[in-house]
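Visitor: Structure below; questions to follow.
Numbering (the working numbering), first residue to last: 2 to 331.
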């Protein structure tokens, strides 16, 4: 499978490295608005460089594209790829509005092409170990989730488009919160049904820098999600509390389970965890396109994440609890 990369930033480089590790996938074209960025990544993989994604789609000679661009651009780019008959792996968040996600899903189905959403949490070894333990019943029934993650939304810490809500769709909640919503839902096997949220706007950057969410997942499971910009120490921890034990998953430390027999190490974090996750994800996408297997993350999961983010923004604006079923309606 010959892949085209639309967007050549850090995440695209991870996808390119994953392709280099797979014998049946290679990068055939790279597009970025910054010509030097496109040329650099294309040269590293023997690919054709482009600065306009429409030219890559029309002339790149690829079978599929990976879209790693500013969030608001995902919608138009997926529609263009589908119209050209190309399979698509689009980075999270799937889009910035539920209606756009649904249109992307429908357009790909009508064109007979495959659409997958790159929610990398499903492939990170620490999260995979946690999910396997939950599915095996090692902590009993999950009754509580706490997810705490840091980020940095101070001026100058990231590309300027992240601070423009019309392009990014929002700040820390849309960007990092989407990961947290996704992993809490996947790890428990329960999608969010309602949300109450508060956000903070610090540093004068034009988007929210911090967010605190109270979710109720299917089955009545409560989940607390907190994302904070620039705390004294970096944090990225999911805690799952079950009737028979607890699990902590942290990509920097690993995955640990405590039950009546003591503490068990389910996964030790290593430098290869993130590259392994991208390789596993891309291998899964190639299998999906070839008809060998379903992709690990279905598009409904991507839509549910955006519905939850939009519900959280509404709750933060208006106050109170927002029911999510209506936001995800077709």
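Ideal Cβ placement from N, Cα and C applies to all residues, glycine included.
Quick caveat: nothing in here was measured; it's all calculated off a predicted structure.
1) Pick helix, strand or coil for residue 261, following the three-state DSSP scheme.
2) According to DSSP, is residue 120 part of a helix, a strand, or is it coil?
3) Look at the Cβ atom of residue 51, then the Cβ atom of residue 57, and state whether they are nearer than 8 Å.
4) State the beta-bridge partners of residue 189 as determined by DSSP.
5) Please report how far the alpha carbon of residue 16 lies from the alpha carbon of residue 209, in whole angstroms.
6) Between the beta-carbon of residue 254 and the beta-carbon of residue 246, is there less than 8 Å?
7) Helix, strand or coil, according to DSSP, for residue 3 in the structure here?
8) Assign residue 106 to one of two classes, buried (16 or more other C-beta atoms within 10 Å of its C-beta) or exposed (fewer than that).
9) Determine whether the beta carbon atoms of residue 281 and residue 124 lie at a separation below 8 Å.
10) Nearest CA to the CA of residue 148: which residue from 62, 248, 67, 163?
11) Locate the beta strand (DSSP E) running through residue 51, then write down its first and last residues.
12) Output the residue ranges of the alpha helix (DSSP H) runs that lie fully inside the region 165 to 239 and measure 4 residues or longer, sorted by chain position.
13) Closest to residue 320 by CA distance: which of 63, 213, 8 is it?
14) Identify the residues that DSSP records as bridge partners of residue 324: which are they?
15) Rounded to whole angstroms, how far is the Cβ of residue 131 from the Cβ of residue 241, which I believe are closer than 8 Å?
16) Which residue marks the beginning of the beta strand (DSSP E) containing residue 29, and which one marks its end?
17) Rounding to the nearest angstrom, what Cα-Cα distance links residue 166 and residue 119 in this structure?
18) Would you call the region 304 to 316 and the region 149 to 160 touching, i.e. three or more CB-CB distances under 8 Å?
19) If you check the beta carbons only, do residue 134 and residue 140 fall under 8 Å apart?
20) What is the residue span of the alpha helix (DSSP H) that residue 58 lies within?
21) Among 314, 315, 308, 318, which has the Cα closest to the Cα of residue 326?
22) Between 289, 322, 298, 160, which lies nearest to residue 2 when the distance is taken from Cα to Cα?
23) What residues match up with residue 243 in a beta bridge as DSSP calls it?
Guide: Straight from the coordinates:
1) coil
2) coil
3) yes
4) According to DSSP, which records beta bridges pairwise, residue 189 is partnered with nothing at all.
5) 28 Å
6) 8 Å or more divides the Cβ of residue 254 from the Cβ of residue 246.
7) strand
8) Classification for residue 106: buried.
9) yes
10) Looking at 62, 248, 67, 163, the one whose alpha-carbon comes closest to that of residue 148 is 248.
11) From DSSP, the beta strand (DSSP E) with residue 51 extends over 49 to 51.
12) 166 to 169, 179 to 189
13) 213
14) 195
15) Contact between residue 131 and residue 241 holds, with the beta-carbon distance rounding to 7 Å and staying under 8 Å.
16) Run containing residue 29: 27 to 32, per the beta strand (DSSP E) assignment.
17) 21 Å
18) no
19) yes
20) 54 to 60
21) 308
22) 289
23) DSSP, once it has assigned bridges, lists 143, 246 as partnering residue 243.
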